[in-house]
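For the record, in the sequence shown the residue sitting at position 241 is 241 according to the working numbering, with numbers rising by one throughout. C-beta: ideal position from N, C-alpha, C; glycine also.
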Amino acid sequence: MLQKESFSKRHPYISSLLVTFSVLTVLFIAGMVSIVAEIDSKITFFAGFLVVSLTLIVVITKKKLWSYYGFNSITKLNKDNIIIFIPLFILALLPLFAGINRNIGLIEIVYFIVYMILVAFVEETVFRGIVIRNFLHKGMNQAIFGSCILFTLPHIMNTLNGKSLESTIIQVLYALVIGLILAILVIKTNNIILPICYHYINNVLASITNSNDENSISLMISSAMFIIAVIYIGFLVHLIKRKSKSITR
Numbered sequence: 001m002l003q004k005e006s007f008s009k010r011h012p013y014i015s016s017l018l019v020t021f022s023v024l025t026v027l028f029i030a031g032m033v034s035i036v037a038e039i040d041s042k043i044t045f046f047a048g049f050l051v052v053s054l055t056l057i058v059v060i061t062k063k064k065l066w067s068y069y070g071f072n073s074i075t076k077l078n079k080d081n082i083i084i085f086i087p088l089f090i091l092a093l094l095p096l097f098a099g100i101n102r103n104i105g106l107i108e109i110v111y112f113i114v115y116m117i118l119v120a121f122v123e124e125t126v127f128r129g130i131v132i133r134n135f136l137h138k139g140m141n142q143a144i145f146g147s148c149i150l151f152t153l154p155h156i157m158n159t160l161n162g163k164s165l166e167s168t169i170i171q172v173l174y175a176l177v178i179g180l181i182l183a184i185l186v187i188k189t190n191n192i193i194l195p196i197c198y199h200y201i202n203n204v205l206a207s208i209t210n211s212n213d214e215n216s217i218s219l220m221i222s223s224a225m226f227i228i229a230v231i232y233i234g235f236l237v238h239l240i241k242r243k244s245k246s247i248t249r
């Protein structure tokens, strides 16, 4: 008797959209609760990401899909697969050149250190774990670009906060390129741990430094990060093409 395929295998596009918009719905509710009940958004969004995190943990544990979604030990990576992550972590550290934001207190720093664990876990698990696995049933290109597009959607919303057009364009393009980079790395290495670590470091530093300020230094750093990311993705694409050629020979 043939076992019936799961919904995600039969309908990868619909499944990926449902997962993405389910997460966005929870965060939308968190934002609405903050406005209506006049509760600090830091509290409501923390609660929102906590709910999504716990839901993911329960579902993935119940279905025994941790390894399937890339939660594999870093020690299983070979030397080459570890080296290709180095530029990613260089990108994560670049916001430090903007300097630490002196207006942020210790409590806020602790909040970001804890909160960004949830954010990094949720976003990577959803977009580089679940969504990529769903799209891989249709092919590698679909997995890379599909996960990248869905990852960029919420980040486009985040940039619509009154910043200059130049800054907004750079941030959206950077989110697209980073989405492509992370998708390629996860597919190539079958490891989501290092992308989660990168995402965490990047988010914490972006929150506690002056990298989001509207000034020439921040814009220069953002531009440099975008250029490095483009070169990085070119290198990764070259690696994939070279590997494909060696396989077909």
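What does the alpha-carbon distance come out to for the pair residue i and residue j?
| i | j | result |
| --- | --- | --- |
| residue 182 | residue 15 | 20 Å |
| residue 170 | residue 207 | 18 Å |
| residue 168 | residue 97 | 20 Å |
| residue 44 | residue 51 | 11 Å |
| residue 108 | residue 40 | 13 Å |
| residue 23 | residue 104 | 28 Å |
| residue 250 | residue 240 | In the structure displayed, the chain extends from 1 to 249; residue 250 sits before or after that span and is not available. |
| residue 94 | residue 13 | 35 Å |
| residue 156 | residue 36 | 24 Å |
| residue 19 | residue 56 | 11 Å |
| residue 29 | residue 212 | 25 Å |
Here's the rule I'm using: 16 or more other beta-carbon atoms within 10 Å means buried, otherwise exposed. How should residue i be labelled?
| i | result |
| --- | --- |
| residue 38 | exposed |
| residue 218 | buried |
| residue 128 | buried |
| residue 102 | exposed |
| residue 125 | buried |
| residue 25 | exposed |
| residue 110 | exposed |
| residue 146 | buried |
| residue 10 | exposed |
| residue 8 | buried |
| residue 262 | With the chain covering 1 to 249 only, the question about residue 262 has no answer from this structure. |
| residue 135 | buried |
| residue 89 | exposed |
Just to check my reading of the structure: residue i and residue j have Cβ atoms closer than 8 Å, yes? What is that Cβ distance to the nearest angstrom?
| i | j | result |
| --- | --- | --- |
| residue 210 | residue 120 | 21 Å between Cβ atoms; not a contact. |
| residue 231 | residue 74 | That pair is no contact at about 25 Å. |
| residue 143 | residue 132 | 5 Å |
| residue 17 | residue 48 | That belief does not hold up - the Cβ atoms of residue 17 and residue 48 are roughly 19 Å apart, past 8 Å. |
Using a Cβ-Cβ cut-off of 6 Å (strictly less than) and excluding sequence neighbours within five positions of residue i, which residues of its own chain qualify?
| i | result |
| --- | --- |
| residue 115 | 46 |
| residue 92 | 198, 201, 202 |
| residue 87 | 232 |
| residue 85 | 194 |
| residue 81 | 189 |
Give me, in chain order, the residues of the same chain whose beta-carbon lies closer than 8 Å to that of residue i; leave out the 5 immediate sequence neighbours on both sides.
| i | result |
| --- | --- |
| residue 123 | 151, 199 |
| residue 226 | 170, 173, 174, 177 |
| residue 233 | 177, 180, 181, 184 |
| residue 223 | 170 |
| residue 236 | 84, 181, 184, 185, 188 |
Apart from the five residues on each side of it in sequence, which residues of its chain come closer than 7 Å, Cβ to Cβ, to residue i?
| i | result |
| --- | --- |
| residue 60 | 66, 69 |
| residue 138 | 12 |
Exercise. Would you say the stretch 183-192 touches the stretch 62-76, given that touching needs at least three Cβ pairs under 8 Å?
Worked result: yes
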